[in-house]
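Chemist: Before I ask anything, here is the structure I am working with.
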Amino acid sequence: MSTNKSAFTLSRRDDGIAILTMDVPGESMNTLKAEFAEQIAEQLDEIDKDPGIKGLVIASGKTSSFVAGADISMLAACKSAEDAEELSRSGQQMFQRIENMKIPVVAAIHGPALGGGLELALCCHYRICSDDNKTAMGLPEVQLGLLPGSGGTQRLPALVGIQKAMTMMLTGKQLRPKQAKRDGLVDDAVPLSILMDVAVQFANKRKPHREGPKLSLVDKALERTPFGRSFLFKQARKKTLAKTRGNYPAPERIIDCIEAGVSGSRGYATEARHFGQLVMTPESSQLRNIFFSTTEMKKETGIEGVEPASLQKAAVLGGGLMGGGIAYVTATKAGLPVRIKDIRSEGIANAIKYSYDLMIKKVKRRFMRKSEMQQQLSLLTGSTDYSGFKNVDMVIEAVFEDLKLKQQMVADIEENCYEKTIFATNTSSIPITKIAAQAKRPQQVIGLHYFSPVDKMPLAEVIPHPDTDDQTISTTVDFARKQGKTPIVVKDGAGFYVNRILAPYMNEAANVLLSGEPIEQIDKALLNFGFPVGPMKLLDEVGIDIGAKISPILVEELGDRFKAPEAFDKLLADDRKGKKNKKGLYLYSGKKPGKEVDESVYSLLGLSPAQQFSHEQIAERCILLMLNEAAMCLDENVIRSPRDGDIGAIFGIGFPPFLGGPFRYMDSLGISHIVARLEHYQGFYGDRFTPAASLKSMADEGKSFYS
Numbered sequence: 012m013s014t015n016k017s018a019f020t021l022s023r024r025d026d027g028i029a030i031l032t033m034d035v036p037g038e039s040m041n042t043l044k045a046e047f048a049e050q051i052a053e054q055l056d057e058i059d060k061d062p063g064i065k066g067l068v069i070a071s072g073k074t075s076s077f078v079a080g081a082d083i084s085m086l087a088a089c090k091s092a093e094d095a096e097e098l099s100r101s102g103q104q105m106f107q108r109i110e111n112m113k114i115p116v117v118a119a120i121h122g123p124a125l126g127g128g129l130e131l132a133l134c135c136h137y138r139i140c141s142d143d144n145k146t147a148m149g150l151p152e153v154q155l156g157l158l159p160g161s162g163g164t165q166r167l168p169a170l171v172g173i174q175k176a177m178t179m180m181l182t183g184k185q186l187r188p189k190q191a192k193r194d195g196l197v198d199d200a201v202p203l204s205i206l207m208d209v210a211v212q213f214a215n216k217r218k219p220h221r222e223g224p225k226l227s228l229v230d231k232a233l234e235r236t237p238f239g240r241s242f243l244f245k246q247a248r249k250k251t252l253a254k255t256r257g258n259y260p261a262p263e264r265i266i267d268c269i270e271a272g273v274s275g276s277r278g279y280a281t282e283a284r285h286f287g288q289l290v291m292t293p294e295s296s297q298l299r300n301i302f303f304s305t306t307e308m309k310k311e312t313g314i315e316g317v318e319p320a321s322l323q324k325a326a327v328l329g330g331g332l333m334g335g336g337i338a339y340v341t342a343t344k345a346g347l348p349v350r351i352k353d354i355r356s357e358g359i360a361n362a363i364k365y366s367y368d369l370m371i372k373k374v375k376r377r378f379m380r381k382s383e384m385q386q387q388l389s390l391l392t393g394s395t396d397y398s399g400f401k402n403v404d405m406v407i408e409a410v411f412e413d414l415k416l417k418q419q420m421v422a423d424i425e426e427n428c429y430e431k432t433i434f435a436t437n438t439s440s441i442p443i444t445k446i447a448a449q450a451k452r453p454q455q456v457i458g459l460h461y462f463s464p465v466d467k468m469p470l471a472e473v474i475p476h477p478d479t480d481d482q483t484i485s486t487t488v489d490f491a492r493k494q495g496k497t498p499i500v501v502k503d504g505a506g507f508y509v510n511r512i513l514a515p516y517m518n519e520a521a522n523v524l525l526s527g528e529p530i531e532q533i534d535k536a537l538l539n540f541g542f543p544v545g546p547m548k549l550l551d552e553v554g555i556d557i558g559a560k561i562s563p564i565l566v567e568e569l570g571d572r573f574k575a576p577e578a579f580d581k582l583l584a585d586d587r588k589g590k591k592n593k594k595g596l597y598l599y600s601g602k603k604p605g606k607e608v609d610e611s612v613y614s615l616l617g618l619s620p621a622q623q624f625s626h627e628q629i630a631e632r633c634i635l636l637m638l639n640e641a642a643m644c645l646d647e648n649v650i651r652s653p654r655d656g657d658i659g660a661i662f663g664i665g666f667p668p669f670l671g672g673p674f675r676y677m678d679s680l681g682i683s684h685i686v687a688r689l690e691h692y693q694g695f696y697g698d699r700f701t702p703a704a705s706l707k708s709m710a711d712e713g714k715s716f717y718s
């Protein structure tokens, strides 16, 4: 017997149906732990011994989740691939025992059923879910560099078909109740109030004889013939490799497991073996580190011991792309009414349309009901003056990057709102101290820097200036989190953290271009390294004119190492702003807009392009400057910890997650190696490669960022 209080309780109903309830003591969500195998086995033994039990319903004792997955902290105890493989086998055996039971077993799902939670549901004979917003089903293990290791790679394809199962496992995509029913993942989706009644009805039935998923004629040819399957898996591998560039081993192993299962060659054994191997990869280790870091951050307030104020109403100044995106996440995620102010009524209309366009897509894809969309849209209102601002708790400013204008906004808000209103500025480069310089209530002025597009980018930088008070910091961190963001608190200063480490990387990519390296080679080098987009393409996306505005601000405060190459003035003189005016480094007309380089750039810059560096050399040059700057930021307390620096770089600029972020990456290469490589390039290209003093002393003392 386990000495811990069991997470499982068995109750019997008069009609012969038993309810097995899972409720992990002391935790807000159910997660599967290694020691539960013994507890579940005890309960199943008891059920097997009782001839009066004719059916079983497995349910959660938590009000808001079924089972959120396996407890991944137990993977840290695995010392070898064999240990991890054994863990997978024990999960498979436990679920196989449930599937083999003589009586029908029904999963009653309300809330998230993810990873091991969905695998538990998959081994049941029937699955009934609530049609509630909280309910979502998926196998997101790939996001941790792993695969479903308790039979998921085998049972899901059998239930929903190879292609749908593969998409779910390769992307970590979660299904809502309606989609789950349509795809055959659940037998019914019903209101929460009758979930248990319907589950009991199914437990009273016979075990089902399933014919397999309903497939179209084309899908039958693909999934049920050897030739079709061979083609299907070949294409899946090709597409996956194009996407991962070989940086992530898990997706290919997932395809191997599914293929082994459908071809009848030891699918479960393949799954356990690959699971064991993936647990020990450095990629999975780093992805799990990110998971633990973000989980830890969710529990923190901006200032320890200072509780956030509660917010009832927010406002956004500026109806452009940023303003529209901020209003959208405030209404849909934080659930607050938002007043949008713009000097033109078209600006307000555009901001509201931004939300409408995103929501209508969700309605069409059955992610949300039309009534929900109307309810969320009703939270957005607008005006060209400050009417409706009197009782606003938080104002987010998203107007042009102009100091005088932003200072005017502070004065307007102090004039038109009440004395507790927080003024948050979404500036990407102007120091907050300057924006707050003339404020009557500087303690309530703070930076809240979002990344574009706001609805997709997960990071927010919260930037207090020296006079910002503690409650304003905690309230702003809490607000950003409610908007679905991962906030990091950074010190005020030019470029803050993310743009400050991005600038030298972008400048170096430009220097590589000016030495004659073709644009597509530079972008390919950094894509292969693991970035989601290359630096040249990123410049076009962000806007060449924006880069030109930020650069002098950084140079003024931080020195010449931030100087952008002067050749870029030629691009602006030629009115090349990038994607926004369809004129940049890439072509935005023709059959493949944004995919092909605009060759006329070379003659404009006086270059004859020829490949001279390897992809590794290009990537190393650009990345080293980012790493060096990150070390300086930590040294100057711009960020509070290496953890915040890693999360900021991954969520803010797409630093390759499988490398763990700049600080974990430096640790994995060794600090002395980083210093040696910086000094090597310093010899070739000058003082911008001078290693940070803190890196040199760490190298001398054999230290690392994470002990």
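Okay, so the sequence shown: first residue is 12 according to our numbering, each after it adds one. Glycine residues also receive a C-beta, built at the ideal position from the N, C-alpha and C atoms. Owing to the predicted nature of the structure, the values given are computational and were not obtained by experimental measurement.
Just verifying my parser: in three-state terms, what is the DSSP assignment at Leu525?
Modeler: Looking at Leu525 - three-state DSSP - the assignment turns out to be helix.
Chemist: When you compare the stretch 192-209 with the stretch 167-182, are there three or more beta-carbon pairs, one atom per stretch, that lie closer than 8 Å?
Modeler: Verdict: yes, contact present.
Chemist: Measuring only the C-alpha atoms, how far is Tyr339 from Ser366?
Modeler: Near 5 Å, if we compare the C-alpha coordinates of Ser366 and Tyr339.
Chemist: Please state the DSSP three-state secondary structure of Pro319.
Modeler: Here Pro319 sits in coil by DSSP.
Chemist: Using DSSP's beta-bridge definition, name the partner residues of Asp199.
Modeler: Its beta-bridge partners are Ile139.
Chemist: Would you list the residues sitting across from Tyr597 in a DSSP beta bridge?
Modeler: Val608, per the DSSP bridge assignment.
Chemist: Please report the distance separating the alpha-carbon of Ser13 from that of Met370.
Modeler: Interpretation of Ser13 is limited by its pLDDT of 38, a score under 50 that renders its predicted location unreliable; the figure taken from the coordinates is listed afterwards. Near 49 Å, if we compare the C-alpha coordinates of Met370 and Ser13.
Chemist: Please state if the CB of Gly278 and the CB of Glu408 are separated by a distance shorter than 8 Å.
Modeler: In this structure, Gly278 does not lie closer than 8 Å to Glu408 by Cβ.
Chemist: For the stretch 672-683 and the stretch 640-650, state whether three or more C-beta atom pairs, one from each stretch, are separated by less than 8 Å.
Modeler: The stretch 672-683 is in contact with the stretch 640-650.
Chemist: Would you call Ser204 buried or exposed, if buried means 16 or more other Cβ atoms sit within 10 Å of its Cβ?
Modeler: Flag for Ser204 reads exposed.
Chemist: For my contact list, Leu459 and Ala435 are in at a C-beta cut-off of 8 Å; report their separation, rounded to the angstrom.
Modeler: Going by Cβ atoms, the distance from Leu459 to Ala435 rounds to 4 Å, so yes, they are a contact pair.
Chemist: Which residue's Cα is closest to the Cα of Cys644: Lys245, Leu569, Pro188 and Gln288?
Modeler: That would be Leu569, whose Cα lies nearest to the Cα of Cys644.
Chemist: Between the stretch 369-384 and the stretch 184-191, do three or more beta carbon pairs fall short of 8 Å?
Modeler: Verdict: yes, contact present.
Chemist: Excluding five sequence neighbours on each side, which residues of the same chain lie with their C-beta closer than 6 Å to the C-beta of Pro319?
Modeler: Cβ neighbours of Pro319 beyond the five flanking positions: Ser485, Thr486 and Asp489.
Chemist: Shortest alpha-carbon distance to Gln323 belongs to which of Ser394, Arg248 and Asn402?
Modeler: The option with the nearest alpha carbon to Gln323 is Asn402.
Chemist: Mapping DSSP to helix, strand and coil, what is Leu150?
Modeler: Note: Leu150 maps to coil in three-state DSSP.
Chemist: Taking DSSP as the reference, what is the three-state secondary structure of Val171?
Modeler: Helix.
Chemist: How big is the Cα-Cα spacing for Ala342 and Gly287?
Modeler: Computed Cα separation, rounded: 43 Å.
Chemist: Please check the pair Arg481 and Ile443, which I expect to be a contact at CB under 8 Å, by giving their CB distance rounded to whole angstroms.
Modeler: According to the sequence as given, residue 481 is Asp; it is not Arg. Actually they are not in contact, since the Cβ atoms of Asp481 and Ile443 sit about 16 Å apart, beyond 8 Å.
Chemist: I need the straight-line Cα distance from Lys73 to Pro576, nearest angstrom please.
Modeler: Distance between the alpha carbons of Lys73 and Pro576: 58 Å.
Chemist: Along the alpha helix (DSSP H) that carries Lys249, what are the first and last residues, could you check?
Modeler: Lys249 -> alpha helix (DSSP H) spans Pro237 to Thr255.
Chemist: For the beta strand (DSSP E) containing Arg350, list its first residue and its last residue.
Modeler: Note, Arg350: beta strand (DSSP E), Val349 to Lys352.
Chemist: Find the nearest neighbour of Glu294 within the set Ser304, Thr251, Arg240 and Val153, judged by alpha-carbon distance.
Modeler: Comparing Cα-Cα distances from Glu294 to each of Ser304, Thr251, Arg240 and Val153, the minimum goes to Val153.
Chemist: Report yes if the CB atom of Pro123 is closer than 8 Å to the CB atom of Ser161, and no otherwise.
Modeler: No, these two residues do not count as a Cβ contact at 8 Å.
Chemist: For Arg23, which of helix, strand or coil comes out of DSSP?
Modeler: Three-state DSSP puts Arg23 in a strand.
Chemist: Mind checking who Ser71 pairs with in its DSSP beta bridge?
Modeler: Met33.
Chemist: Just the Cα atoms here: how many angstroms apart are Gly27 and Val117?
Modeler: Those two C-alpha atoms are separated by around 14 Å.
Chemist: Taking the Cβ atom as the reference point for each residue, do His626 and Lys548 lie within a distance shorter than 8 Å?
Modeler: Against a cut-off of 8 Å, the Cβ pair of Lys548 and His626 comes out as no contact.
Chemist: Are the C-beta of Phe242 and some C-beta of chain D separated by less than 8 Å?
Modeler: Annotation note: the requested chain D is absent from the structure, which comprises a single protein chain.
Chemist: Taking the alpha-carbon positions, what's the Lys417 to Ile555 distance?
Modeler: Lys417 and Ile555: Cα-Cα distance of roughly 22 Å.
Chemist: Less than 8 Å separating the beta-carbons of Ala87 and Phe47?
Modeler: No. Outside cutoff.
Chemist: How long is the line joining the alpha carbons of Gln297 and Pro260, rounded to whole angstroms?
Modeler: Rounded to whole angstroms, Gln297 to Pro260 spans 13 Å at the Cα level.
Chemist: Give the single residue among Met468, Val317, Pro348 and Leu513 whose Cα lies nearest to the Cα of Ala325.
Modeler: Ranking the options by Cα distance to Ala325, first place goes to Pro348.
Chemist: Just curious, the beta strand (DSSP E) that Glu472 is in, first and last residue?
Modeler: It spans Leu470 to Pro475 - the beta strand (DSSP E) in which Glu472 sits, taken as one unbroken run.
Chemist: How do the stretch 132-142 and the stretch 264-277 stand: do at least 3 beta-carbon pairs fall below 8 Å, yes or no?
Modeler: The stretch 132-142 vs the stretch 264-277: no contact.
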